[in-house]
Structure formats: C-alpha cells, structure tokens
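Down below is the structure, laid out as structure tokens.
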Amino acid sequence: MGIPPSAPVSVGRPNDDRLVDRFGRAATDLRVSLTDRCNLRCTYCMPAEGLAWLPQRNLLDDEEIIRLVRIAVRRLGVTEVRFTGGEPLIRPGLPAIVAAVAALEPRPTLSLTTNGIGLARMARTLRDAGLDRVNVSLDTIDRERFTRLTRRDRLDDVLAGLAGAAEAGLTPVKINSVLMRDVNSDEAPALLRFALAHGYQLRFIEQMPLDAQHAWDRSSMITAEEILTALRAEFTLHPDPAERGGAPAETWLVEGATDPSGGPAKVGVIASVTRPFCGDCDRTRLTADGQVRACLFATEESDLRGALRAGADDEEIARRWRVAMWGKRAGHGIDDPSFLQPARPMSAIGG
Ligand code: SAM
Ligand code: SF4
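In case it helps, my numbering puts the sequence shown at residues 1 to 351.
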C-alpha cells in the first residue's frame, strides 16, 4: 500500500519549518485528543446516549501519538502540548504518554484538560510523569445542577480531583466553566467565590456551536458581556495589564483577592463567539484518530494516520502537517451566514 496523497495544496508557502499559515500566524500550541469517549454527558457536548465512538482500529496507539508529538516538537516548532478528549484520564496509557513527551528535547510545556473524575487518584502519578498543569471543567458547584448538566452524579469526584491536582502541584489549577441560560447562568459569582476560596483560576468559556446535537443557538447563549456584568455586581474587576499573546482568555484582576502565590487573583473569559481571537490563534489539533485540524471549526482534516501506517518517514509526516496548517482559514466565521458547524462534535475533536 502506497502513502496516500495529501489533500490541500501549499501554493505560496515559504520555506519555513514551522506551522505557518497564509495570515502570518505560526502554530506552536498542539492540542492532542487521546480519546473521543467520556464518562460524563454534558448537555452542551453530547447526547444522553453518547455517540457512535471512533472504531478502535482507527485510534492512534500510544507509540503513534508519541511519534507525532515528537515530530511536532522537534521539526515543527511546537512548544506547548495539551492533552484532551473526550476524557483523557480514561486512556490507560496517559502517564506513559506524558512521560515520553516530557522527555523530549526541547521539552514542551505539558497540560491536560479534564473533567476531573479520577484526577484525585492520578494527579501525583501525572505530576511525577512530567505534567505541568491541569484545566478542570466545572460548570456548577450545586450538586443537583451538576447531575442535570452532566447527567451523572459525580460532583464530589470533580471537587476531589481539583483538590488532588492542587496538592500534587499541578498549578495553577484552572477551572473552565460554560454557562447555559436557565441552567447555571446565575452562577458566575458563586463559581468565582468558590475558585478564589480554593486558589483555583477560573475562566468562563462562551458556549460554541460544537455540540453533537446541533442545539446551539446564538440568540440564547450567555455572552462574555453578560458574564462580566454578573461578576461586577459582586466583584470589582480591573483589566489585567499582563500581555495576552495567543491566550484565548481575556483576564481581569479581582480587587482585594490574592492567588496562592500571593499575586493578584485573576478571572478569565474566553469569548470565542462574541470577541473571536482568531487573528492571534497559535493552535494546531490532532484528533484521536490521527487527523490534523487547523481549527476547532475546520471542515477539512488532513490524515496523518494513513501516512504513518503506510510507512511515511518523519519528514514526510512533518511536510503534510505543514501543508495542512498552511490551509488554515483566517477565522471561524460563526457570524457568517455561510457558517457550517463541523461534522465532528467537540468531544471527537478535542476541546
Ligand atoms: N472531557 C474534558 C473536559 O470536559 O474538560 C476534555 C474535553 S472537553 C470537550 C474540553 C472543554 O470543552 C471543556 O472545558 C468543555 O466544557 C468545553 N466544551 C465542550 N463543549 C463545548 C461547547 N459546545 N462550547 C464551549 N465549550 C465546550
Ligand atoms: Fe465529556 Fe468533557 Fe464533553 Fe463533558 S465536555 S461530555 S466531560 S468531553
């Protein structure tokens, strides 16, 4: 079997080893999805019955993942690697993958986005393997709401996971929260109070059209402006003078509050829909079945798994990755009338 041809063309691409695109950006932040499966069923992400999972034979094995990350770090200029899913903690090989990536030269920063279930048990092992930080998703601290929102009664496991991460030194421990109207939209100040009390860094994420059920509705989503108004009713926020760079979150300093290191406590809002930051995006994504995506909202993918399994060498894989990223669009275009939600839901892309 020959190596399948790569799809997008690279007309005009400069001779640059990095993952540059036509709009002057270079991707240095790699998101790797380790599985599309999950032990929760958050309503904004998955239907109650789950999804048709990717076939096992299509999933990259641990060695394949490590090889692709190595190519990204050594040949393509990636400096930051984040593991996500689905739920990455349910992948048995996670500590070994983390250890192998942490041993790369130059060593990338290594983080994990997780729902926190099982983190209390795993945090120390992951820290010892080389993980630097975690982001834990928590949308409500009310047990009944949590059960309704995630369709599982696991709030206590998530809270224990957060505490375990802080104890193991996976800091700063960040919390990601999505607010949904009439579900948890009144909870912004309570979530911030909770985060400040425990020394976690809270970031709200605007809900995006990436749910498998295609139920997202622009007119009913909770906007960054609404979140900030709700927070300001209880807290005084000052714009964070620190350089934002490619970071998606706009951050504010919370007056009178300090973080565990004694510095000013911060709260962030990721306004992907109402204040897109595509012009500064430095992401490249790898799905659990070995497809490169230039954007969460991309409708095209480039197959690295096929090339890898057909015997392509590292430079050929790197070349395909570069070509895939050269085709990255200027922005996600959610507000464009021609916007099409990608066929893959968030859980199968890697959020
Ligand atoms: N299972 C892990 C978790 O929940 O953190 C990792 C994968 S999850 C897809 C990554 C992040 O995407 C989570 O913080 C989750 O809240 C967020 N997310 C999922 N669906 C979303 C949507 N439709 N809009 C905005 N954020 C979403
Ligand atoms: Fe699972 Fe994360 Fe999706 Fe929730 S947001 S269903 S925890 S993948």
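We put the beta carbon where it would ideally sit given N, CA and C, even for glycine.
#1: Below 8 Å on the Cβ atoms is my guess for residue 75 versus residue 318; work out the distance and round it to an integer in Å.
#2: Please determine whether the Cβ atom of residue 208 lies at a distance below 6 Å from any heavy atom of ligand 2.
#3: DSSP three-state call for residue 297: helix, strand or coil?
#4: Just how far apart, CA to CA, sit residue 253 and residue 224?
#5: Just the C-alpha distance for residue 123 and residue 309, rounded to the nearest angstrom, thanks.
#6: Quick one, are the C-beta atoms of residue 48 and residue 151 less than 7 Å apart?
#7: Where does the unbroken beta strand (DSSP E) through residue 97 begin, and where does it stop?
#8: Just the Cα atoms here: how many angstroms apart are residue 23 and residue 246?
#9: Anyone know if the C-beta pair for residue 161 and residue 120 falls short of 7 Å?
#10: Residue 82 by DSSP, collapsed to three states: which one?
#11: Who sits around ligand 2, taking every residue whose Cβ is closer than 5 Å to one of its heavy atoms?
#12: Just the Cα atoms here: how many angstroms apart are residue 20 and residue 300?
#13: How far does the beta strand (DSSP E) with residue 203 in it reach, from first residue to last?
#14: Can you give me the C-alpha to C-alpha distance between residue 338 and residue 281, rounded to a whole angstrom?
#15: Which term fits residue 241, buried or exposed, when burial requires 16 or more other beta carbons within 10 angstroms of its beta carbon?
Taking the geometry as given:
#1: With a Cβ gap of about 4 Å, residue 75 and residue 318 count as contacting.
#2: It does not: the Cβ of residue 208 is nowhere closer than 6 Å to a heavy atom of ligand 2.
#3: Per DSSP, reduced to three states, the secondary structure at residue 297 is coil, with no helix or strand assignment.
#4: For residue 253 and residue 224, the distance between alpha carbons rounds to 16 Å.
#5: C-alpha separation (whole angstroms): 33 Å.
#6: It is a contact, given that the beta carbons lie within the stated cut-off.
#7: Where residue 97 is concerned, there is no enclosing beta strand (DSSP E), although the alpha helix (DSSP H) around it starts and stops at 94-102.
#8: Those two C-alpha atoms are separated by around 14 Å.
#9: In this structure, residue 120 lies closer than 7 Å to residue 161 by Cβ.
#10: Three-state result, residue 82: strand.
#11: Cβ atoms closer than 5 Å to ligand 2 belong to 38, 40, 42, 45, 46, 115, 347.
#12: Taking the CA atoms as reference points, residue 20 sits about 17 Å from residue 300.
#13: Residue 203 -> beta strand (DSSP E) spans 201-205.
#14: Rounded to whole angstroms, the separation of the alpha carbons of residue 281 and residue 338 is 22 Å.
#15: Label assigned to residue 241: exposed.
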